[in-house]
Amino acid sequence: MIIDHLDEPLPGSSLLPTPTGDAYTDPDIFEKEQAEIFEKMWNCVLRSDSLPSPGHWKTVTVGREEIIVVRSRREGIKAYFNVCAHRGMRVCTAGEGKNKTLQCGYHAWTYALEGDLVAAPNLTSMPDVDRKQYGLKPVHVREWLGYVWVCLAEEPPNFEREVLGEVRTRFGEVESIDNYGIEHLRLGDTKTYDVAANWKLIIENFMECYHCATIHPELTEVIPEFADGLASQRKNGEVHGSSFGEEIQGFTVDGSASGVHQLPAIAPDQDRKYYAITVKPQVFINTVPDHVIIHRMFPVSESRTIVECDWLFLPEVVDKITSGELDVSKSVELFHRVNLQDFNACELTQPSMRSKAYSSGGALVPSEHHIQEFHAWWYRTLGFEQVAAAQQETEKAAV
Ligand SMILES: [Fe+2]
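So the sequence shown is numbered by the working numbering: it starts at 4 and just counts up by one.
Set out below in structure tokens:
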């Protein structure tokens, strides 16, 4: 992989280089990403209200691990590695369920929802077995925006600084994300996309709007400035809102009124505007005046990523959707089409990452500078800078 001169323009042009194609196809690099990024950072895994009462659990994949997320009786939402402390069998073998305890189906070792080992055949004849030590191995959990976030690291990065701080700083004081009251919103619709592309292609696509005029006719109709290829971010990293077109009545597939009241606490500045930010490594938050769209990515392999996309509305709106009084399909359809258009582009890019024509990488135009920052973070996080430095040392030594 060619990894030096990342922030120097390509010869004779204002273009910046990208990583080489193998960054998107090499299983060893993907393995390293799982270990150094997804298994060390905070991942947003599921909605808190999808575990409505004690005993409800779901399994999710984070990095190379399967995790049980469960609403306990006494300690709120907890998360554990889905590995029996006895002989390692998967404790939960379905995607979700509801149980009073979590029991392994192999030798019936049984765990409280709070994680301790509470029963096992002949356990009373082994009084020296420490019920905590042989409990389920816990994973760090936080709740924010109505979602459960987990971190597999022994020492997780500071959530306030790395997640909350990052998001709030980028939204800015006036354009506070808090005004949207996302934690009080409920799920109006959700869609899962199985995308045959590397997760980085999906992030890179989300970070620029250079492609909007080409592949997003509906979105550029609603937000005309996207036709100029401007992403909704300032050079200093803060987002600014992208304004709806003058004739546009709502953030819907045809620009007609959505029929949904706007969120009660948004600032005048946030009216008729769309904001988008990326929370590394796997979340995109999109806000419009009357709903919020949140994407969560789950990388499966170097060439496959599952994307879950939620459309969140006020509880009273969701009640009306459920009772059939209100139809928000025109709102949902807009970003669903954007998703399909984006993921199609990513899927048509992925095979080329193996091409000889891309073996030394591609190029970024100046308006795609956020991607260059993402690449710099990626190199740094995977420790490729040291590799680059070591390579240079080796080359020097050879000379
Ligand atoms: Fe797009």
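Note that beta-carbon positions come from the ideal geometry of N, C-alpha and C, so glycine has one too.
- Under the DSSP assignment, S304 falls in the beta strand (DSSP E) whose first and last residues are 294 to 304.
- By the Cβ criterion, the segment 83 to 99 is not in contact with the segment 338 to 354, since fewer than three pairs of Cβ atoms, one from each stretch, lie closer than 8 Å.
- Taken in chain order, the complete beta strand (DSSP E) segments of 3 residues or longer contained in the segment 211 to 291 are 276 to 282, 286 to 291.
- Contact annotation: G191 and V331 have beta-carbon atoms nearer than 7 Å.
- Within a 10 Å sphere around the beta-carbon of M129 sit fewer than 16 other beta-carbons, which makes this residue exposed.
- Taking 6 Å as the cut-off, one finds no heavy atom of ligand 1 near enough to the beta carbon of D231.
- Between L139 and G118, the C-beta gap is smaller than 7 Å, which places the two residues in contact.
- Your pair T308 and F316 does not check out as a contact, with CB atoms roughly 26 Å apart and the cut at 8 Å.
- At a threshold of 6 Å, D345 counts as near ligand 1, since its beta carbon sits closer than that to one of the ligand's heavy atoms.
- In the three-state reduction of the DSSP assignment, N182 falls in the helix class, which pools H, G and I.
- Bounds of the alpha helix (DSSP H) holding R340 are 332 to 352.
- For I185, the closest of V282, N289, K333 by C-alpha to C-alpha distance is N289.
- Contact between R171 and I280 does not hold, since their C-beta atoms are separated by about 10 Å, which reaches or exceeds 8 Å.
- DSSP places K101 within a strand segment (E or B) once states are collapsed to three.
- Under DSSP, K135 shares a beta bridge with no residue.
- Assigned with DSSP and collapsed to three states, H143 falls in strand.
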